[in-house]
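K.L.:
Keeping their order, the protein sequence lines are chains D and Z. Numbered according to numbering that gives the first Met the number 0, the first sequence spans residues 0 to 427. Numbered according to numbering that gives the first Met the number 0, the second sequence spans residues 0 to 309. For every residue, glycine included, the Cβ atom is placed at its ideal position computed from N, Cα and C.
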Amino acid sequence: MSQADLVVRSAALATDPQTPVDLFVAKGRVVALVASGTRPVPEGAKVVEASGLILLPGLSDVHVHLREPGQEWKETIATGLSAAAKGGFVNVMCMANTDPVNDQACVTETMLDKAAKSHPKGPRLFPVGALTVGLDGKALAPMEELKAAGCKAFSNDGRPVADSELFRRALEYASDLGIPVIDHCEDPYLAPHAGVNEGVVSARLGLRGAPTAGEAIQVARDCLLSKYLGVPIHLAHVSCAQSVDIIRAAKAQGAPVTAETAPHYLILTEEACEGYDTAAKVNPPLRTRTDQQALLAALEDGTIDVLATDHAPHAAHEKETPFDEAPNGISGLETALSVTWELVARGELSAKSLISAWCTRPAEIFGLPQNRFQEGDPADFILFDPAARWTVTPQSLLSKGKNTPLLGRELTGQVRAAYVAGKNALQA
Amino acid sequence: MTWPHKDLLDVTQLSRADATEILRAAKSFQEINSRPVKKVPILKGKSVILFFAEPSTRTKTSFDVAGKRLSADTFSLAKSGSSLTKGESLKDTVLTLQAMKPDAIVMRHNMSGAAKFIAERLECAVINAGDGWHAHPTQALLDAFTLTERWGGVEGKTVLILGDIAHSRVARSNVHLLRLLGASVRLCAPKTLLPHAVSSWGVPVSSDLDEAVRGVDAVMCLRLQLERQQAGLLPDVREYSRRFCMTLPRLAKAAKGAVVLHPGPINRGWEIASDLADASESLILDQVASGVDVRMALLHLYLTRKERKE
Ligand SMILES: [Zn+2]
């Protein structure tokens, strides 16, 4: 065991905030996590005083849109990764709906190159390759080539595959390569990209809404295929109670499905769209309080495995239109941990589930580096100040996407340091 | 009375007193419209832009006539032939309009919420002449005025709204305004033309017209768009008419002296039988006349609001 070169002192663990701990790190790896003061600090080690701060494993976001190549006015890999680090993320998986689409190795390589140049200390970028060429849903993408270039998963996110036969073949082919498929569940006929739930609000505002059944039908299809083929499918941004019920039943029957939801579905409802607020226009749309409670319960019992932001940055002028014309998406990397931590503080979510959903499960499902604070684990951790209060303003966000319905809201808790392999990615 | 609103976006902004004031003002302008010389100088020097991003001869003409009778200068801007068809954003169009310093903009737009969007960015009054499926406040007000003229008021009356409720701004505004003024409202349509969450509106809903029409004092027919059949919401017009066309025999099941309304333009034989459209029970042409009275009242209230405050 090498001599520790970095010691974090007197931090608190989220699951046991009363007992302070010291973390010992050497050459970017964890040496030990011990009760505070029980082990001497080696000569010459850098000491980080962390009393009052919470020590968490680094977060993984398995679902972000970084817009590069092709839509750099919305976000670049450089600005997106800066926002990710500020949000406490050490691993980031970026979706393939760029322009050109990430359906060949050269696009993947460009993404990785940009990430390495702009963020040598991390966060790490893991591109998601397209499932079908051009995301057109017609022909399988060259998945082996994409895997070799560094893709960690395949997805048609944004343009769900309606053709169940093609989707089945894509699942089979991807499973040969040992790479999971992420599906954006939306029956394109039943649940058009409406951006608002079909319900009380859409009926009042005179907007076409997306029914929960449009999501749940495709969730059911995916669960059936996953069970039948025995291959894993990860269900993206689950938004409603109906989907949760189907996933719970499928898991009970042994289908290897996993699922994620996003923080905005846990803290906002369809009412956020009142007044035609395009900042709250997201796909799938914000649902009802009943759906919210089902999602929270599902996170608690493990039916939903993962939290992911579905960070979808857009330029201000693109959202400054009537509701129907605005693009779907919320910029979410920098508010994600604060708002989910608030759920923990209010007792609506346990700290254990929070860590499982942001850190442990995403790493397990997608084979990402993971820190469980065991000797030899990568020293990926964050220091989170649970008492810090900050107001979400355009200036407070490093992402180019200022499109969040939380603008103007005061949040509790902020990331003070985000270490990737022993180096703080928040420091230049 | 000091008029408290800068814009008229939706009837939900109005109190019962506001709505009553508009109807009272409409009554006073009705007299002008029966004079040999139908023009008064009260809005001389005011400019009103009629911005119709979606075509509507009827509503636009009604506003144009109303404005001119009050001596306002009216200017038309249609979507075709304007920069809007060249991909200009609504925000940029609004800024362009603002720079021309109008006193009011009357806007029709195919997107719900468009009127609110421009009102938030313009200093002048914005009058919503229909936005998407959301609201058509001036139509609801003229309907209420027409019924008030016939009955002396709508309090205690029952109105059936019939047809494509889901895609109707007329229905949304009328449900609210008629109830605000003390009437009861019922809805009748095939389920495919009702909003999924229609129960949240708190009014009785039926898909059986013969049942729904029983005892009502008025039937408000809505226009059927042929696209609804193409979108798979209806079998065909013939089938629709069998179930939902308002006819004289059906009206016989309503209360004695019941009337029919239709916002126009009508499809004879689809939503309303031709003989009924021309019968004495039909208020369709009264609605057109009321439209001018009500829009004069509105232009007057919204365009002289500032002077009144000072
Ligand atoms: Zn998606």
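Looking at C-alpha atoms only, which residue of Z/GLY162, Z/HIS299, Z/VAL158 is the closest neighbour of Z/LEU225?
P.N.:
If we check each option's Cα against that of Z/LEU225, Z/GLY162 comes out closest.
K.L.:
According to the neighbour-count rule (16 or more other Cβ atoms, all chains shown, within 10 Å of its Cβ), is D/TRP72 buried or exposed?
P.N.:
Answer is exposed; the Cβ neighbour count stays below 16.
K.L.:
For ligand 1, any of its heavy atoms closer than 6 Å to the Cβ of D/HIS118?
P.N.:
Flag unset: Cβ of D/HIS118 not near ligand 1.
K.L.:
What's the call for D/PRO119, buried or exposed, on a 16-neighbour Cβ count within 10 Å?
P.N.:
It counts as exposed.
K.L.:
Hey, would you say the C-beta of D/HIS183 is under 6 Å away from at least one heavy atom of ligand 1?
P.N.:
D/HIS183 Cβ: within cutoff of ligand 1.
K.L.:
Note down the Cα distance separating Z/GLY86 from D/ILE178, rounded to an integer number of angstroms.
P.N.:
The straight-line gap from Cα to Cα measures roughly 42 Å.
K.L.:
In whole angstroms, give me the CA-to-CA distance for D/ALA147 and D/ALA104.
P.N.:
One C-alpha to the other measures close to 8 Å.
K.L.:
Is there a Cβ from chain D that is less than 7 Å from the Cβ of Z/SER111?
P.N.:
Yes, Z/SER111 lies at the interface with chain D (some Cβ there is under 7 Å from its Cβ).
K.L.:
Could you tell me how far apart the beta carbons of D/VAL86 and D/GLY57 are, in whole angstroms, since I believe they sit closer than 8 Å?
P.N.:
Note on identity: in this sequence residue 86 of chain D is Gly, with Val being the wrong assignment. Actually they do not touch by this definition, with Cβ atoms about 11 Å apart.
K.L.:
Would you mind giving the Cβ-Cβ distance between Z/TYR105 and Z/VAL47, rounded to the nearest angstrom? I have them listed as a contact below 8 Å.
P.N.:
Note that residue 105 of chain Z is Val in the sequence shown, not Tyr. About 6 Å separates the two Cβ atoms, so the contact holds.
K.L.:
Going by alpha carbons, who is nearest to D/ASP11 out of D/ILE381, D/LYS399, D/ALA161, D/THR257?
P.N.:
Reading the sequence as shown, one finds Ala at residue 11 of chain D and not Asp. For the residues D/ILE381, D/LYS399, D/ALA161, D/THR257, the minimum Cα distance to D/ALA11 belongs to D/ILE381.
K.L.:
With a threshold of 6 Å (Cβ to nearest heavy atom), would D/ALA235 be considered close to ligand 1?
P.N.:
Yes, since a heavy atom of ligand 1 falls inside the 6 Å radius drawn around the Cβ of D/ALA235.
K.L.:
Apart from the five residues on each side of it in sequence, which residues of its chain come closer than 7 Å, Cβ to Cβ, to Z/ARG294?
P.N.:
Around Z/ARG294: SER61, PHE62, ALA65, THR137.
K.L.:
For D/THR320, which residues in chain Z fall below 8 Å Cβ to Cβ?
P.N.:
Ordered by position in chain Z, the residues that pass the 8 Å Cβ test against D/THR320 are SER88, LEU89, LYS90, PHE116.
K.L.:
Any residues in the segment 322 to 338 of chain D with a beta carbon nearer than 8 Å to a beta carbon of chain Z? Which ones, in chain order?
P.N.:
Those would be PHE322, ASP323, GLU324, in chain order.
K.L.:
Do Z/ASP142 and Z/SER111 come within 7 Å of each other at the CB atom, strictly closer than that value?
P.N.:
No, the Cβ-Cβ distance between Z/SER111 and Z/ASP142 is not below 7 Å.
K.L.:
Which one of D/PRO191, D/GLU143, D/MET142, D/GLY149 has the shortest CA to CA distance from D/THR109?
P.N.:
Selected option, being the one with the closest Cα: D/GLY149.
K.L.:
Which value, in whole angstroms, describes the spacing of the CA atoms of D/ASP379 and D/GLY412?
P.N.:
About 19 Å.
K.L.:
Taking 7 Å as the threshold (C-beta atoms), are Z/ALA139 and D/PRO321 in contact?
P.N.:
Not closer than 7 Å, so no.
K.L.:
If you follow the alpha helix (DSSP H) that D/LYS226 is part of, which residue opens it and which one closes it?
P.N.:
211 to 228 is the extent of the alpha helix (DSSP H) around D/LYS226.
K.L.:
Can you tell me whether DSSP reads Z/HIS299 as helix, strand or coil?
P.N.:
Note: Z/HIS299 maps to helix in three-state DSSP.
K.L.:
For D/PRO385 versus D/ALA278, is the C-beta spacing smaller than 7 Å?
P.N.:
No, these two residues do not count as a Cβ contact at 7 Å.
K.L.:
I want to see whether chain Z comes within less than 7 Å of D/TYR188, judged by CB atoms only; does it?
P.N.:
Output row for D/TYR188: interface = no.
K.L.:
Hey, D/ILE181 and D/PHE383: beta-carbon distance below 7 Å or not?
P.N.:
It is not a contact, given that the beta carbons lie outside the stated cut-off.
K.L.:
Using Cβ-Cβ distances below 8 Å, what residues of the segment 209 to 231 of chain D are close to chain Z?
P.N.:
Here the close residues are PRO210.
K.L.:
Can you have a look at Z/LEU284 and say buried or exposed, based on whether 16 or more other CB atoms are within 10 angstroms of its CB?
P.N.:
It is exposed - the Cβ of Z/LEU284 has fewer than 16 other Cβ atoms within 10 Å.
K.L.:
Counting only the same chain and skipping the five closest in sequence on each side, list residues whose C-beta sits under 8 Å from that of Z/ARG178.
P.N.:
Closer than 8 Å at Cβ, skipping near neighbours: VAL184, VAL202.
K.L.:
For D/ARG8 and D/VAL33, which I take to be in contact (beta-carbon distance under 8 Å), what is that distance rounded to the nearest angstrom?
P.N.:
So it is not a contact: roughly 11 Å between Cβ atoms.
K.L.:
Label D/LYS399 either buried or exposed according to how many other C-beta atoms from any shown protein chain fall within 10 Å of its C-beta, with 16 as the threshold for buried.
P.N.:
Buried, because 16 or more other Cβ atoms sit within 10 Å of the Cβ of D/LYS399.
K.L.:
Tell me whether D/ASP21 sits in a helix, a strand or coil according to DSSP, three-state version.
P.N.:
D/ASP21 falls in the strand class under three-state DSSP.
K.L.:
Would you tell me roughly how many angstroms separate the C-alpha atoms of D/GLU157 and D/ALA169, rounded to the nearest one?
P.N.:
Note on identity: in this sequence residue 157 of chain D is Gly, with Glu being the wrong assignment. Cα to Cα, the separation comes out at about 17 Å.
K.L.:
Does Z/THR1 pass the burial test, meaning 16 or more other C-beta atoms within 10 Å, or should it be called exposed?
P.N.:
Burial call: exposed.
K.L.:
Can you name, in chain order, every residue of its own chain whose Cβ lies under 7 Å from the Cβ of D/GLN241, other than the five neighbours on each side?
P.N.:
Excluding sequence neighbours, D/GLN241 sits near THR211, ALA212, ALA215.
K.L.:
Which residues in chain Z have a C-beta closer than 8 Å to the C-beta of D/LEU204? List them in chain order.
P.N.:
The contacting residues are SER111, GLY112, HIS133.
K.L.:
If you draw a straight line from the C-alpha of D/GLY421 to the C-alpha of Z/ALA134, how long is it?
P.N.:
Taking the straight line joining both Cα atoms gives about 58 Å.
K.L.:
Beta carbon of D/GLY69, beta carbon of D/THR97: below 7 Å?
P.N.:
Result yes, Cβ atoms of D/GLY69 and D/THR97 sit closer than 7 Å.
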